[in-house]
Structure formats: structure tokens, C-alpha cells
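Each remark here refers to the structure printed beneath this line.
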Amino acid sequence: PKYTTAGSISRTVRLLAARHPEFIPDAEIQPVKQRSTGGAAVPHIPGRNQSPCANAGESYDQEVCLKKLGTDAKDAVIKQETNTEANTGATEVALLGYPDISGRNAKAFPVTPDPDTARADPYDDAVRAFHSKGAPIYSFGTIGGTEYARAALPFTTTVQGGGVFHWVLVVRKPLDTVTAAVSTVRRAFLYAALAGLALTLVLGIPLSATIVRRLRRLRQAALQLAADGPPVELPADRRRDEVGDLSRAFDQMQRRLQHQEEARRSFVSTASHELRTPLASLDGMLELLDDDLRSGDPDLNDARLLLERARSQSRRLARLAADLLDLRRLDAQVQLRSEPVELGELSRAVLAEFELGTEERGIISTLDDGAGQVWACGDPGGIARIVRILLDNAVRVSPQGGEITVALRNGTHASLTVHDEGPGVGAEESALIFERFQRGRATGGSAGFGLGLAIGRELAERMGGELVLEHTDLPGATFTLRLPVAKAQAEEPLAVV
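Position one of the sequence shown corresponds to residue 1015 (the working numbering), numbered consecutively onward.
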């Protein structure tokens, strides 16, 4: 019950006297009157104080007596209880008073709850709160079979003239509603979990079966690829998920393996032919030379011709061995030097190596160095190897009386361009010619493993540059080597390796 009437304090004292006559001898509220000292008006309980509300013989008027009480005490008690109930949402709020304010024999006297409940509740927490010197007491307990959460809040009120009232406000909230709410939430979570599990099973079983089936196909294809090699027939998986991505990656890997396998077979076939041909030619020429020398009257001109042809085949074998050696060095990640190289001087030295071959076929080779000195940063031997590869290809594909031009340019990069007047490179071959063991159709039956341009590109990239096929309107093929510009020039021209 809330204190909302003007007689709330009077009823509080009356209830206290009625329920605990052992501490209050007279169960009737006596009239109260002002103290002779002019102090504040207080309730009068016989034997406890001597401040009657009215003079002896006067009739007792509850409302008149209440007006003489300190309004501060009434307002404070009402506000304390009302605010506590509103803020905590408690279902029961009890106000307790202490007749023995000394604290020696403090006992709680409930004045607001139902009498039956009050008798069943000893209010021990209220007694502890009274002794706590203002500190609230929080506890849990069972009253009449019901579990409660409790809080005991001690406070005092004063009236005019300095009178002090001691109170403890006990707030109780049954936990059965909380337990019911927790049970409801638990049931809701349980039902939601069961529904989610059922939905997961309904949707997950078919989905997992599909995924397992797709993964099983991939596993079977991988085992077949390991046993028989590429190609392995694998149904196209166009789904945009992880398994689909894995299937497409597997297919890409298979195509790459197939390409490498074809390149390996091509290399084995080419190597056996390229090595067998010069060796057979050397063996035949040496046998003829031996017969000529055994005849007793050898023809020196024929002997010189045979020796020259033998040297040519030997150089051919040396070039093939050089290609394989360069390939091994690239795969072994042999460290390349990085130093200034003057491309003009290097190009002249390499062109001199091809003079004999170009003169025999009437091929004109020129060096366009109008840009002056062109300094690049790289490995001198590696750059010379790239230039040899480009010039060797140009000489082999150039027609009789054709022209080969080597041009040097300065810019953001130091560039060297080799242009020939051969049949050129088709669009379908432009990407393949830089792969290992790939030979363009324009090479015809000329010697080689199809490693030259692949070695040249890898060397250029390892030096921080690039080797590209330029698409121009001129007849023939144009290859450009671009290298980083040297920051400082060498003091002396470097020897070509």
C-alpha cells in the first residue's frame, strides 16, 4: 500500500502500536500537542514520550494532530516508498520502524505489508540494514514457499525541532515471474534451435550430397590424372562456388600439364633429331676423310671442305649445348650481374660474329646508333646472349639478300630492336614463341630446340627488363629488348662474353 492520504503517518504509528503491544504499552494513540519548549510535534506513545498533541481533557482529532506532525517526515517517507516501488518494479514494498533507536535491542516492526505476510517474514535483513549505518542490504530468500529477491534500504526522517525517525524500506520481488520468463526464453531458444536444426537437415542433406558428389568426381579425375596423365575428361562445373572454382582450377592445371607434356615430347623428338643429325654428319665426314687419307694420295681441297663441314656441325652441337646450359642456369636461379653496359659497343661485337654467315647469303646487317651511346644496366653476358639469339633467328629466317637492322634508342628504358625481312610471326604464334620448346613455322627445318626466345625473355626479366614482339606494318618480324637505364657509365667498355 502506498501512503497517499494525509493520515499516513498516523496510521503507521497506530499499526505499530497494534502489532507490537509488548514494546508499546498503550495500543491507543494519545493526543499530541506542542512541547512547552516550542519544539516539533511528534506522535505520543504512553511511556515513551511526554508530548501530547492536546491538553488533558481535549478531544482527540486525528487530522488536527496530523497537521502538527513534521511534514518533512511524512513527505520523505511517502517519496522514499513510492519512488522505490516505481523504480524497481517491486510487487511488495514494506516500511519498517525501530522503537529502540539506540540499536541495542533493535527489532523490525513491519507497518505496511499484509499482517499474515508480516508474521511469516522475520525481516532479518531489515535488522541488518539498521545496524549497517546506512548501507543497503541485498539478499535472496524464501517466504511461504516463494523465492524473493530483497533489498533493505535504511533511512531517517526529521521533523521540525530536530526530531528523528528511523526507518528501513524493504523491497521484495518474487522470482517466480523471472523464472517463468527465463523458462519462456529457454523454450523459445530450444524451439528455435530445433527448427533451425530441422531446416538445416532439410536443406543441408541434399546440398551436402551434391557437394560430395562433385568432390568425388574431382577425386576420381585427380587419381586418373596421376595414373594415366593428361588429358582427363572432367564435366564442366559452372557453379560459382568453392567447388566450382576448384574444378576450374583443376581443369586449368590439367591443360597446363598437357601443354608441358606436349612440350616435353616435342623436346625429346627435337633433341633426338637435332643431336642425331650433326653427329651422323660428323661421323660420315670423318669416315670420308679417313678413307681419303688412307688412299695414299689425299685430295687436300676435299679434306679442307670436309673439315669445314665438320666444324659447322660441331658449332651446331655447341649451340644446342649452350641452349641447354642456359636453360639449366635459369632454372638454377644463377645470380646475374648488374652493371652499366654500352649497347652500341656490345651490338657491334655480336654483329661481327655473324659476318661470315651473312656474307655467304648476301644478307646486309646494319647498326642504327644515331641516338649515340645507349647505356643499360644488366649482365653483359646475358645481354650479349639475348642479342645473339635475336640475330641468329633473324639470319635463319631472312631471305637471300635480305636486310637485318639493329637499332638503339634512349628513353625511359634503354632499348635494342632487331628487325628482319623474313616471313614474320603469325598472330596465333605471337604468344607461343616465347614458351619453351616452341618453334615457329618460319624456322622451317633449321636446327634448334625452340629454347632461344624463351631463354631471351627469362634473361631480360631477371635483369629487370623485357623482350617483346613488336607489331608493325613493316614486313618481317621486329623484336625489342628493353632494359633499365644505367645511372652511371662504366669507365671502360666491357668485354662481350
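Here a beta-carbon is modelled for each residue, glycine too, at the ideal position from N, C-alpha and C.
No experiment lies behind these values; they were computed from the predicted model shown.
Specify, as a first and last residue, the run of the alpha helix (DSSP H) that R1142 falls within.
Within the sequence shown, numbered from 1, the residue matching residue 1142 stands at position 128. That run of the alpha helix (DSSP H) goes D1138 to H1145.
Run the CB neighbour count on L1339, radius 10 Å, all protein chains shown included, and call it buried at 16 or more, exposed below.
As a first step, residue 1339 must be located in the sequence shown, where it is residue number 325. The residue is exposed, with fewer than 16 neighbouring Cβ atoms inside 10 Å.
Helix, strand or coil at P1433 according to DSSP, with G and I counted as helix:
The count along the sequence shown starts at 1 and reaches residue 1433 at position 419. Sequence inspection shows His at residue 1433; the Pro mentioned does not correspond to that position. The DSSP-derived three-state label of H1433 is strand.
Residues in the same chain with beta-carbon distance under 7 Å from R1375, minus the five sequence neighbours each way, listed in chain order, please.
Against the sequence shown, residue 1375 aligns to sequence position 361. The answer, listed in chain order, is Q1414.
Cutoff 8 Å: E1475 Cβ touching any chain C Cβ:
Judged by its chain identifiers, the structure shown contains no chain C, having just a single protein chain.
Indicate whether A1500 and A1398 have their beta-carbon atoms separated by less than 8 Å.
To locate residue 1500, count along the sequence shown from 1; it is residue 486. To locate residue 1398, count along the sequence shown from 1; it is residue 384. Cβ distance not < 8 Å, so A1500 and A1398 don't count as in contact.
Identity of the residues DSSP links to A1163 by a beta bridge
Walking along the sequence shown from the start, residue 1163 turns up at place 149. Partner(s): F1154 and K1187.
Just verifying my parser: in three-state terms, what is the DSSP assignment at H1485?
Here residue 1485 is taken as the residue at index 471 of the sequence shown, counted from 1. When secondary structure is reduced to three states using DSSP, H1485 falls in the coil class, being assigned neither helix nor strand.
Please tell me whether V1420 and F1493 are closer than 8 Å, where the distance is taken between their beta carbons.
Here residue 1420 corresponds to residue number 406 of the sequence shown, with the count starting at 1. Here residue 1493 corresponds to residue number 479 of the sequence shown, with the count starting at 1. Not in contact: V1420 and F1493 (Cβ atoms no closer than 8 Å).
How about the region 1375 to 1384 and the region 1345 to 1352: do they share at least three Cβ pairs that are nearer than 8 Å?
The region 1375 to 1384 makes no contact with the region 1345 to 1352, as fewer than three CB pairs between them are under 8 Å.
Flag this pair as yes or no: are the beta carbons of L1430 and L1357 separated by less than 8 Å?
Translated into the one-based positions of the sequence shown, residue 1430 becomes position 416. Translated into the one-based positions of the sequence shown, residue 1357 becomes position 343. L1430 is a Cβ neighbour of L1357, given a cutoff of 8 Å.
With a threshold of 16 other CB atoms inside 10 Å of the CB of I1418, please say whether the residue is buried or exposed.
Taking the first residue of the sequence shown as 1, we reach residue 1418 at position 404. Here I1418 is buried: its Cβ has 16 or more other Cβ atoms, across all protein chains shown, within 10 Å.
V1596 to G1210 span [Cα, whole Å]:
Outside the modelled stretch of the chain, which goes from 1015 to 1511, sits residue 1596, for which no answer is possible.
Provide the residue span of the beta strand (DSSP E) that contains S1379, from first to last.
For the purposes of this step, residue 1379 is taken as residue 365 along the sequence shown, with counting starting at 1. I1378 to D1382 is the extent of the beta strand (DSSP E) around S1379.
According to DSSP, which residues form a beta bridge with V1226?
By one-based count along the sequence shown, residue 1226 stands at place 212. BP columns for V1226 are empty, so no partner.
Bridge partner(s) assigned by DSSP for T1170:
For this step, residue 1170 is matched to residue 156 along the sequence shown. Among the bridge pairs identified by DSSP, T1170 is matched with H1180.
Under the rule that 16 or more other beta-carbon atoms within 10 Å means buried, what is E1077, buried or exposed?
Within the sequence shown, residue 1077 is the residue found at index 63, counting from 1. Note that E1077 has pLDDT 41, beneath the 50 cutoff, so the model's placement of it is unreliable and no number is given.
Compare the beta carbon distance of A1166 and V1182 with 8 Å and say whether it is the shorter of the two.
Counting from one through the sequence shown, the residue named residue 1166 turns up at place 152. Counting from one through the sequence shown, the residue named residue 1182 turns up at place 168. For A1166 and V1182, yes; Cβs fall inside 8 Å.
Q1064 - DSSP class collapsed to helix/strand/coil:
As a working mapping, residue 1064 is identified with position 50 in the sequence shown. Reliability of the predicted coordinates at Q1064 is poor, the pLDDT of 31 falling under 50, and no value is obtained from them.
On the CB-based measure, 16 or more other CB atoms within 10 Å of its CB, does R1164 come out buried or exposed?
One-based indexing of the sequence shown puts residue 1164 at position 150. It counts as buried.
So, S1412 versus I1377, is the Cβ gap smaller than 8 Å?
Taking the first residue of the sequence shown as position 1, residue 1412 is located at position 398. Taking the first residue of the sequence shown as position 1, residue 1377 is located at position 363. For S1412 and I1377, yes; Cβs fall inside 8 Å.
Pop quiz: P1498 and G1479 are said to be a contact at Cβ under 8 Å. What is the actual Cβ separation, rounded to whole angstroms?
Along the sequence shown, read from residue 1 onward, the residue named residue 1498 stands at position 484. Along the sequence shown, read from residue 1 onward, the residue named residue 1479 stands at position 465. The beta carbons of P1498 and G1479 sit about 6 Å from each other, so the pair counts as a contact at 8 Å.
In this structure, how does DSSP classify T1426 when only helix, strand and coil are distinguished?
Position 412 of the sequence shown, counted from the first residue, corresponds to residue 1426. T1426 falls in the coil class under three-state DSSP.
Using the beta-carbon count (16 or more within 10 Å), is R1270 buried or exposed?
Translated into the one-based positions of the sequence shown, residue 1270 becomes position 256. Of the other Cβ atoms in all chains shown, fewer than 16 fall within 10 Å of the Cβ of R1270; this residue is therefore exposed.
Would you please state the rounded distance, in angstroms, between the beta carbons of N1424 and V1401? I believe it to be under 8 Å.
Locating residue 1424 in the sequence shown gives position 410, where the first residue counts as 1. Locating residue 1401 in the sequence shown gives position 387, where the first residue counts as 1. Not a contact, Cβ separation roughly 17 Å.
Classify R1496 as helix, strand or coil using the three-state DSSP reduction.
For this step, residue 1496 is matched to residue 482 along the sequence shown. Annotated three-state conformation of R1496 is strand, per DSSP.
Between G1117 and the rest of its own chain, which residues show a CB-CB distance below 6 Å, the 5 nearest in sequence each way excluded?
On the sequence shown, residue 1117 is found 103 positions in, with the first residue counted as 1. Residue placement at G1117 is poorly supported in this model, since its pLDDT is 49, which falls under 50; the coordinates still yield a value, given next. If you ignore the 5 residues before and after G1117, its C-beta comes within less than 6 Å of no other C-beta in its own chain.
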